[in-house]
Amino acid sequence: DVKVTQSSRYLVKRTGEKVFLECVQDMDHENMFWYRQDPGLGLRLIYFSYDVKMKEKGDIPEGYSVSREKKERFSLILESASTNQTSMYLCASSFIVGSSYEQYFGPGTRLTVT
Amino acid sequence: KNEVEQSPQNLTAQEGEFITINCSYSVGISALHWLQQHPGGGIVSLFMLSSGKKKHGRLIATINIQEKHSSLHITASHPRDSAVYICAVRSSSGGGADGLTFGKGTHLIIQP
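Chains as they are written, first to last, in the numbering used here: chain A, 142 to 255; chain B, 34 to 145.
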């Protein structure tokens, strides 16, 4: 079974703190994603990576950065946390084989910024 | 960019009822996914469809490529089916992030 793990299920941080969210996948997938999920807005893509040290901005990258130093690990960084970054953060990895495509999600990190 | 619309946004039903959740999208796709998210956050993939119909237990997913529409049906619904159901499409033009676009989800509650 593919496994995508995230470092924390719940996190509480103060405004202005630097926050690191870690994601690890164990299936050698090349593509990894960070989303945030808010009520009424659904899943929105923050950043994705298609290879080590490669990253692309998604739909809402402002206030975030990412790091992918190893294939299995994709980190999301909030340089200076703000209250509007309180959200559920979901990591995912994906593979494509021919016409078959699957995206696997981690359990999510519920971040509260006070 | 593909627009994905789901309906209804919220649905409350009694145990045993037949449930239908709809998804429509605006441009051509290579595949459509139905995902399930239980309280607590974890998302699992239910179906991937590119044509026709798929069935898994009490869940049935259909897609009409010409009409750009898909439905997820749940037969003999049960309280454990309570979850958020998310439709996601992969555009046939590809593009960044695998071209995956998500609907906002349908929050389903099945009451005993």
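Built from N, CA and C at the ideal position, the CB exists for glycine as well.
Cβ shell of residue i (< 7 Å), same chain only, five flanking positions each side left out
i                            : result
asparagine 225 of chain A    : none
aspartate 114 of chain B     : Ile107, Leu141 and Ile143
phenylalanine 161 of chain A : Ser216 and Ile218
glycine 199 of chain A       : Leu186, Ile187, Tyr188 and Phe189
phenylalanine 135 of chain B : Val37, Ile119 and Ala121
Limits of the unbroken beta strand (DSSP E) element including residue i
i                            : result
glutamate 210 of chain A     : 205-211
threonine 45 of chain B      : 43-47
histidine 140 of chain B     : 139-144
serine 63 of chain B         : 62-70
glutamate 197 of chain A     : 195-198
serine 221 of chain A        : Looking at the DSSP string, serine 221 of chain A is not in any beta strand (DSSP E), and its letter there is neither H nor E.
histidine 148 of chain B     : Residue numbering for chain B in the displayed model covers 34 to 145; residue 148 of chain B lies beyond these limits and cannot be assessed.
phenylalanine 135 of chain B : 133-135
threonine 53 of chain B      : 52-58
glutamine 166 of chain A     : 160-166
leucine 92 of chain B        : 92-97
aspartate 192 of chain A     : 183-192
lysine 144 of chain A        : Taken as a continuous stretch (DSSP letters only), lysine 144 of chain A belongs to no beta strand (DSSP E), as it is neither H nor E.
CB contact below 8 Å: residue i versus chain B
i                        : result
glutamate 132 of chain A : The displayed coordinates of chain A run from 142 to 255. Any statement about residue 132 of chain A would go beyond what the structure contains.
proline 202 of chain A   : no
leucine 184 of chain A   : yes
leucine 231 of chain A   : yes
glycine 249 of chain A   : yes
Chain-ordered neighbours of residue i on chain A, where CB pairs are closer than 7 Å
i                            : result
phenylalanine 135 of chain B : Gly183 and Leu184
glycine 138 of chain B       : Gly183
Contacts that residue i makes with chain A (C-beta to C-beta distance below 9 Å)
i                     : result
serine 78 of chain B  : Glu243, Gln244, Tyr245 and Phe246
glycine 49 of chain B : Correct list: empty, because the minimum Cβ distance to chain A is about 29 Å.
glycine 74 of chain B : Arg150, Gln178, Met229, Leu231, Phe246, Gly247, Pro248, Gly249, Thr250 and Arg251
Cβ separation of residue i and residue j, assumed to be a contact under 8 Å, to the nearest whole Å
i                         : j                        : result
serine 104 of chain B     : threonine 139 of chain B : With 8 Å as the limit, serine 104 of chain B and threonine 139 of chain B do not qualify as a contact, their Cβ atoms being about 11 Å apart.
threonine 156 of chain A  : threonine 255 of chain A : 7 Å
methionine 229 of chain A : arginine 177 of chain A  : 7 Å
lysine 212 of chain A     : valine 193 of chain A    : 5 Å
leucine 82 of chain B     : alanine 64 of chain B    : 7 Å
Minimum Cβ-Cβ distance from residue i to chain A less than 8 Å
i                       : result
alanine 116 of chain B  : no
arginine 91 of chain B  : no
alanine 109 of chain B  : no
arginine 123 of chain B : yes
glycine 129 of chain B  : Any reading at glycine 129 of chain B must be qualified, since the residue scores a pLDDT of 49, below 50, and its modelled position is unreliable; the value itself is stated next. So, interface residue.
threonine 53 of chain B : no
Close beta carbons around residue i, own chain, < 8 Å, minus the five adjacent residues each side
i                            : result
glycine 85 of chain B        : Thr95 and Ile96
leucine 152 of chain A       : Val160, Leu162, Thr250, Arg251, Leu252 and Thr253
phenylalanine 236 of chain A : Met168, His170, Glu171, Asn172, Tyr242 and Glu243
Under 8 Å from the C-beta of residue i: neighbouring residues of chain A
i                     : result
alanine 94 of chain B : Going along chain A, no residue has its Cβ under 8 Å from alanine 94 of chain B, so there is no contact; the nearest lies around 15 Å.
Residues of its chain near residue i, where Cβ-Cβ distance is below 6 Å and the 5 sequence neighbours each way are ignored
i                       : result
valine 117 of chain B   : Gln70, Gly138 and His140
lysine 144 of chain A   : Asp167
serine 234 of chain A   : Val145, Gln166, His170, Met173 and Tyr245
serine 40 of chain B    : Asn55
glutamate 50 of chain B : Ser110
tyrosine 58 of chain B  : Asn35, Val37, Lys101 and Val122
leucine 133 of chain B  : Ala121 and Arg123
Any C-beta of chain D under 8 Å from that of residue i
i                      : result
glycine 239 of chain A : Absent here is chain D; the protein component of the structure consists of chains A and B.
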